[in-house]
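Chains as they are written, first to last, in the numbering used here: chain D, 1431 to 2051; chain L, 1431 to 2051; chain Z, 102 to 443; chain A, 102 to 443.
Heads up: the structure comes next, in structure tokens.
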Amino acid sequence: MTVVDLQQAPATQLHSGQRIVNDFSFVVATTNGTGSQTSNNTLLRALFKMGVPATGKNLFPSNIYGLPTWFYIRVNKDNYRAHRSQAEVLVTYNFDTFAEDIAALPPGGVCIYPMDAPSGKKKWNVVTPSRDDIYYYRIPVDELTATMNPDQALKEYIANMVYVGAVAYLFNIDMGEIERALSYHFGGKAKPISMNFGLVKLAYDWAKDNLQKIDPYWCEAMPDATFTKDKIMIEGNAAAALGAVFGGVQFVAWYPITPSSSVAENLQSYLADYRHDEEGRATYAIVQAEDELAAIGMIVGAGWAGARSMTATSGPGISLMAEFTGLAYFAEVPAVIWDIQRMGPSTGLPTRTSQGDIIFTHFLGHGDTRQVVLLPANMEECFRFGWEAFDFAERLQTPVFVLSDLDLGMNQHVSSKFEYPERPMDRGKVLTAEDLQKLGGQWARYKDVDGDGITYRTLPGTDHPNAAYFTRGTGHNENAGYSEKVEDWHNNLKRLAHKMNTARELLPQPVIQQNKGAKIAIVSYGSNDYAIQEAIDYLKARHDLSVDYLRILALPLSPKVGEFINGYDRVYVVENNEEGQMAQLMRMDFPQKAPDLVSVARCNGMPLDAEWILSQVLERK
Amino acid sequence: MTVVDLQQAPATQLHSGQRIVNDFSFVVATTNGTGSQTSNNTLLRALFKMGVPATGKNLFPSNIYGLPTWFYIRVNKDNYRAHRSQAEVLVTYNFDTFAEDIAALPPGGVCIYPMDAPSGKKKWNVVTPSRDDIYYYRIPVDELTATMNPDQALKEYIANMVYVGAVAYLFNIDMGEIERALSYHFGGKAKPISMNFGLVKLAYDWAKDNLQKIDPYWCEAMPDATFTKDKIMIEGNAAAALGAVFGGVQFVAWYPITPSSSVAENLQSYLADYRHDEEGRATYAIVQAEDELAAIGMIVGAGWAGARSMTATSGPGISLMAEFTGLAYFAEVPAVIWDIQRMGPSTGLPTRTSQGDIIFTHFLGHGDTRQVVLLPANMEECFRFGWEAFDFAERLQTPVFVLSDLDLGMNQHVSSKFEYPERPMDRGKVLTAEDLQKLGGQWARYKDVDGDGITYRTLPGTDHPNAAYFTRGTGHNENAGYSEKVEDWHNNLKRLAHKMNTARELLPQPVIQQNKGAKIAIVSYGSNDYAIQEAIDYLKARHDLSVDYLRILALPLSPKVGEFINGYDRVYVVENNEEGQMAQLMRMDFPQKAPDLVSVARCNGMPLDAEWILSQVLERK
Amino acid sequence: MGRTKTNELGLLAADYNGRPSTLCPGCGHNSISNQIQQAAFEHSLDQHFVVKMSGIGCSSKTPAYFMGRSHAFNTIHGRMPSVTTGVMLVNHHLKAIGVSGDGDTGNIGFSQFKHLVRRNVPMVYIIENNGVYGLTKGQFSATADYGQKTKYAGKNELPAIDLCAEALLADCSFVARSFSGDAKQIRSLLRAAFSHRGTAVIDIISPCVTFNDAADSTKSYFWGKEHREILNEVGFVRGQEDIAVDYEEGKSQDVQLHDGGWVRLKKLDESHDPTDRTSAFRVLEQARKEQVIITGLIYIDQERATLVENARITDTPLVNLPEDQLRPSKATLDQALSELFG
Amino acid sequence: MGRTKTNELGLLAADYNGRPSTLCPGCGHNSISNQIQQAAFEHSLDQHFVVKMSGIGCSSKTPAYFMGRSHAFNTIHGRMPSVTTGVMLVNHHLKAIGVSGDGDTGNIGFSQFKHLVRRNVPMVYIIENNGVYGLTKGQFSATADYGQKTKYAGKNELPAIDLCAEALLADCSFVARSFSGDAKQIRSLLRAAFSHRGTAVIDIISPCVTFNDAADSTKSYFWGKEHREILNEVGFVRGQEDIAVDYEEGKSQDVQLHDGGWVRLKKLDESHDPTDRTSAFRVLEQARKEQVIITGLIYIDQERATLVENARITDTPLVNLPEDQLRPSKATLDQALSELFG
Ligand SMILES: Cc1ncc(C[n+]2csc(CCOP(=O)(O)OP(=O)(O)O)c2C)c(N)n1
Ligand SMILES: Cc1ncc(C[n+]2csc(CCOP(=O)(O)OP(=O)(O)O)c2C)c(N)n1
Ligand code: SF4
Ligand code: SF4
Ligand SMILES: [Mg+2]
Ligand SMILES: [Mg+2]
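So this is what it looks like as structure tokens:
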């Protein structure tokens, strides 16, 4: 990049004069730890309150301070909420990535950047952008910030409000809503609100006085639209935690790991708010364990003792939990494990999203182990599985993994208000002392009385002389006695397989979307949903191609998945990992249809986007 | 079982008078920790030296003392060496399993049992066997043992020699060979040899004087047969260890676990014998780690530093090694991990064999990890992979898992003498200081220079200013620098996938056995080989069914497997686990042929047997 | 008397039996099992509210051999502490008796052990310490003596970990040591431990008859040369009678093990103040120097808050709370949602 | 001078630089990186024979920021000890500098740490101890002070693990403690550690600017109420200047941290005999009682055999042995086979 002294940015008028309204994306390039999240969320929230569907994606580095961060805000009047990899409007405070950020803009794109040094460290005033086919606006970040006289320590933080003001002016974002958003952010505290909003207004006014709107992008309030009406904004990890609180979670053990920590941290704060008895005693316990081996061990212990227990982790933690979840599978102990997936292998990219743990988690544990997996796709399902996972775990007496991902977990998403659980808790087959009394003390821990593969258990502390049994990860007979007998082993494993078949029907069934006459279909799961919905619309609209769609909600796979795929010439299995892991699992479970499954898989740290899916379907017809 | 005083066992003469020679099985029922292994191996070895193919399988419990143990010896003149689940001749000292052991005999079977109490604990003298369609011989174990005047502590141990003598007489086993076998066992030490052989002879003579041979089973020396000529007897774990010693293993770290401990223990003793320099300093190091996490960590460190390093473990250890092997896969560090498979899930049955870790190990590590796996089928391959695994690990710069099993690892098998490695060690792509000098210091750790996906590494301690690089489990670019860039991530993962494709060709290729005109085939791997060979012979001989056979030696699967299976109407994938795990992997890799794969899988702790395989093939035509 | 005597719950000693042991005859662990069930009987422990917790090993199997009316969880190797932590937090009315081995606790489970103790999880934590891995046939554990030799594992070149000192350093609130043959001492320590609120660690030297068999180990039996010559396979186990000792507080006693080996035990007396942490350290350090095994109650802190207390949970154990205390109302959900941006 | 001075290898201080740090400005870890490279320069360490080992955490990232000409292995969380053990056994000519955090060492890696020390693996083991998990945003680690509060993690109800005492109890042969701001002391301890044969543990209190920010922590900065009101998100990090201290042996010094918090440091003097293990324990126990951070060389044992020595390996590092020393001859194989039954 040539460095010259340049007071004015080039501002060639390029667009045809047509306004592009509520259908473009912003990207805000900053560095992490500088407080830009407040500004970004403020913009997002203001748009949301204007009735404009807006989706935010935070692309942040795996450190604490000073490395590049990008925040994407997609504005879309049709309520498409998937990530778009192309942003038209760049706001940047990050000198280090300026060149690549500029290069990524489409022709006719917009770049907003400082004319002085917001952090006092970089020479924005001597930079020449490398392209002349985009619109530029320059803003005096430092100067305006200084006007507020902020505490030196807070200067960098406050400075972000300058772009909020400029963007509000340039793209017509409601200042009232911005104030509301800030007020929400600062919990109504007058001082920070006035300080921050003061600077927003200053910047807004400066922009109004000094900038000429030359680009075609506009936001417009959609007062009649229902996309955001009665909706909330929340992160998936908070939704999961809230769900668990309403699932009656009794015990949480965890070990910090990005991007799952906020599940536990939200649990901590929601539990503190909502789960005490009249005397203020907690109806839950939460432990930060010394590592993941201990976290999973604790929840297995708590689950065995009869509590609804959970942990949250990410890839490396899943690896470390293999031995214990194998035990829980075989000894039939309920437990709920949230895996907020990030990019692997290994430590990988801790702050990038992926769906890479599907196969590994489903088979987690040596020696013929199969784990139950739930696959939430949105905030509603994060909340729902938050409570429902306990029902499944206790009903099936097995670990239940909920595979969310960083995209769902750590981004703000618009959501319907969560529905209160529609049925009482299912605590599964537990025999009390009274039950045992009635049975004359006759029962066997691993005997399949009901024919569903699920047996009865007692909890420690059951006051009956026949209540006790011996729990073990070694081979056992129906009475939980140690056994090396071939028949005992076989019966037990057959029953476990049968239980997994029960699970196939019990677990959430796939969501199916069918049109008459479609010959091809997409199968997918989890956070890909937004992009797939959009891609299906485009395939119809642009290419007149009808595509049906099945979204998997759980593993082991429902027989409905098999029935569905049998109806199509070709089935595209779309997912966000390298291997095409779900396609692999489907090949295993539905070998007859394996030849017609097309794996559409990619993993680059970003959520999938509609254009890419569309192109894959078209390419591989 | 009725208990009466009975001096004579029923001895109905049932057989037609035809002798059944060298084609039947013994089972010796004792309790563990009583020293019966010496006796059993003595019989096995004597048969071997008589030229009679004999295969031993030890079925022992997961404790140290006093629980039921069965030792099977299959005698087969045609050299079929698979396990047979049916034994015709029972020798028992175990009162507790007497009833079930008797019940398991075929009509016309033989039962040899004490007439007094060998351990002084059980009332053998008052027992009535429950069947009258078998032959009985009773032997005065206690009385004969007492004659030798053994140290009280050794009585139980020595008493086992009584059945050796009786069996030798009844079934015509060469006493000279028995003495030789004992002499081998006791390392030539005169005192124990004479003590033990003395009792064998005493029992032999007693039997000669007191027992009338009434059953049809006979052993006969086969002086002209070549099945045992020039052969050795060895356990797979010893073969593996010996192989590793000749593979130049430099570092071993391990944590005890059945059935893998004897890999390390054999290593320890072989290394002590054969791997010191002139001054008696070790050319290796071996560490008993504090757990499997440390064991794998140590060998990853050693592999990174440039040493041939290995560990041996079993299922639970594999679970615990998931995180580290994911790191090694991604950071591209060589290491060799032997998994002597036992029955899972969880702690399962530690002393029973299985092939249950195939899928889990192949995908070991969260987030799109793929591991290289070798699958030895016999002693020759245990030895061979013992050294060759290092070549593959260093060539591919990745962990190499060798999946043996308890059947191979802990039983004595007849084997050809091992061949000395036919090529020098392949230490892989390592740049020395001189290499770097020549390159002018220009190199990049993760750059695919040769187009095979395998890149060059330097070792710590390379005396060149450009040698160093930074090894990490996080996303990295070609220069091993931390990178969150999409392109860097993609390029790296694509290269890793490419490397795995290189592996498909580099690793041992499948062993194929084809007959003209066969329409069906069996695919299998590992220790199933013996049973499959036998089943194929029977299918031809008894049912005139031609069956071809491919034995997989490595994962990821060779393209040859795909080519092979394309040639058949139906392919039976035979294996010793619950899920049919190899069938699943084949469905993944060869979806076009998935509909024609038939999974033939069973896991009951015993090696597969020919009759069962045969029945499965016939049933599922 | 004896056999027909009942305790406060009206139970016979036999009501505290478990299944027959499948350990080697003479294994120290069997003596400990006997004392656990005897102490439980004497203490009138209600078995229905006891959980027996263990890892993996010969020692970890023993919960099957005592108190058959109690729930038990034989978990995985080295991880009993975390499982017990979970159990006790969700049901603090239970009494947890954990049994572990020196390998289970000092090797693979070392971190869990230390962190459990640090958290002061209410439980009795018994280590049946033989310096070897019994179940996997005699390899050294981290508590093996420096320089110790066994015929299966050769010579140990590493210093022994002292699990009492480790517990103490991790702020353990009850630290004791005993010897498997000292029935009376074990029983009285167990009864004290049963009454303790926090983590009570009892490290019991418990010789492995089968594998820890060289003369120069503080935890061993000695087998003569003669025997070794004959027995060159692990497959043979020579059963033994239990060892029993009984000696006074403040005294030391040299105990001859079956095969000639000796251990020197020294029982703490009243001059030792078990509430003084510094002096507890000193006593252990002294014993280390003198190569004796100090037995008795080494340290106790009755004040330290337990993990359960710190959790400030309901008096009713969490597992016994009814649904309406676990699932907040619809109104609460509405409240929570209203606090979100929306 | 300074910048152009060369050491015995003819290298400039700058030759020991690494990549620019990506830690928070003012993070104690940065000061330590500087001292490591400075000490390495002064000590004329040959970087080609140094390996920089680490786990995961802000601290564990730092090997990227010093000595760019040395190989480095940034392993996985808490497992640096085992990896380093493997490295040093196969190439004992290397010098290993391990960097870990308190979470990495005291929590997830606790067992590996203790067992490494017990084995006396030749290496310098630096703990950059801030009482919190920096990289995952401020949760307490096991070294957090009892009762400590931070705005992100609330109040810590558990006793702190003292990693020096833990090392000592595990028979560590070199135990030292320092403070990230004490450049001179760190350098001299590092140079002593570089010369030590076995495991040299240096626990360096290294405040986390960003998360350990309540006044009542011995490892913390204090942020005023005012600030907290404005900043309710973790997303903002306030950079700071490094703290520097410099004081005499035997003296104590109260160090004011940027935001008002204090720590009291006390430097050991010559009256402390670092070869006396009992007195080392006493010094640590005393400091614990007085709530001061004792700094300096706490314990050293120059005699204890290292793991490498116990392994009795060739003088040539194993990795440098040629094929003919690694693969025995065909005759040896024949010999081995002939000893099998056959
Ligand atoms: C993860 C794992 N690794 C290894 C083993 C094998 N194993 C079983 S018991 C045991 C050692 C037991 O030693 P200790 O705890 O001292 O008990 P002891 O048998 O001596 O009473 C080992 C290593 C296992 N079961 N699980
Ligand atoms: C197995 C695993 N669990 C959790 C994490 C997440 N994690 C990364 S760093 C860290 C804590 C680091 O704390 P510390 O060692 O004290 O280093 P600091 O950042 O404070 O310097 C954690 C929990 C991980 N990377 N791997
Ligand atoms: S092997 Fe040792 S520890 Fe295990 S049961 Fe036998 S004597 Fe006891
Ligand atoms: S978060 Fe704390 S430990 Fe991490 S770099 Fe910042 S100041 Fe240092
Ligand atoms: Mg033990
Ligand atoms: Mg820290």
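Note that the Cβ used here is the ideal one computed from N, Cα and C, for glycine as well.
beta-carbon Z:N231 near ligand 1 non-hydrogen atom, thresh 7 Å: yes
Check: L:D2039 C-beta below 7 Å from any heavy atom of ligand 5: no
Any non-hydrogen atom of ligand 3 closer than 7 Å to Z:F312 Cβ: yes
Short CB-CB distance (under 8 Å) between Z:E424 and chain D: yes
Completely contained alpha helix (DSSP H) runs for the region 1516-1594 of chain D, where each covers 4 or more residues: 1528-1533, 1571-1577
Contact between the region 1702-1719 of chain L and the region 1763-1776 of chain L (3+ Cβ pairs under 8 Å): no
Heavy atom of ligand 3 within 7 Å of Z:Y125 beta-carbon: Before going further, note that residue 125 of chain Z is Cys rather than Tyr in the sequence given. Yes; taking the cut-off as 7 Å, the Cβ of Z:C125 has a heavy atom of ligand 3 nearer than that.
Whole-angstrom distance between A:H144 and D:L1584, CA atom to CA atom: 42 Å
Closer than 8 Å to chain Z by CB, D:M1605: no
Exposure of D:Q2022, with buried meaning 16 or more beta-carbon neighbours within 10 Å: exposed
Beta carbon proximity, A:G199 to chain D, threshold 8 Å: no
Inter-residue CB distance, D:A1735 and Z:G169 (contact presumed, cutoff 8 Å): In fact, because the Cβ distance is near 19 Å, the residues do not count as touching under 8 Å.
Whole-Å CB distance - L:Y1979 paired with L:A1951, under 8 Å assumed: 6 Å
Buried/exposed call for L:G1871, threshold 16 Cβ in 10 Å: exposed
The region 1648-1666 of chain L touching the region 1821-1830 of chain L, judged by at least three CB pairs closer than 8 Å: no
Alpha carbon of L:I1942 to alpha carbon of L:A1948, nearest angstrom: 13 Å
Simplified DSSP assignment, three categories, for D:Q1944: coil
Check: D:I1729 C-beta below 7 Å from any heavy atom of ligand 1: no
Beta-carbon spacing of Z:G235, Z:A254 below 8 Å: no
C-beta atoms of L:A1984 and L:L1937 nearer than 8 Å: yes
Proximal residues of chain A, C-beta to C-beta of D:T1777 below 7 Å: I157, I177
Straight-line Cα distance separating D:V2004 from D:Y1955: 8 Å
Same chain only: Cβ atoms within 6 Å of Z:G199, ignoring 5 sequence neighbours per side: M154, M181, T185, M224, Y226
CB contact below 8 Å: Z:Q213 versus chain D: yes
Proximal chain D residues relative to Z:A243, where beta-carbon distance stays under 8 Å: Neighbours of Z:A243 on chain D: none; closest Cβ ~18 Å, over 8 Å.
Interface residues of chain Z facing L:A1497 [CB-CB closer than 7 Å]: Note on identity: in this sequence residue 1497 of chain L is Leu, with Ala being the wrong assignment. Residues of chain Z passing the Cβ test: T123.
Cβ neighbours of A:S134 in the same chain (closer than 6 Å, five flanking residues each side left out): T163, Y166, F167
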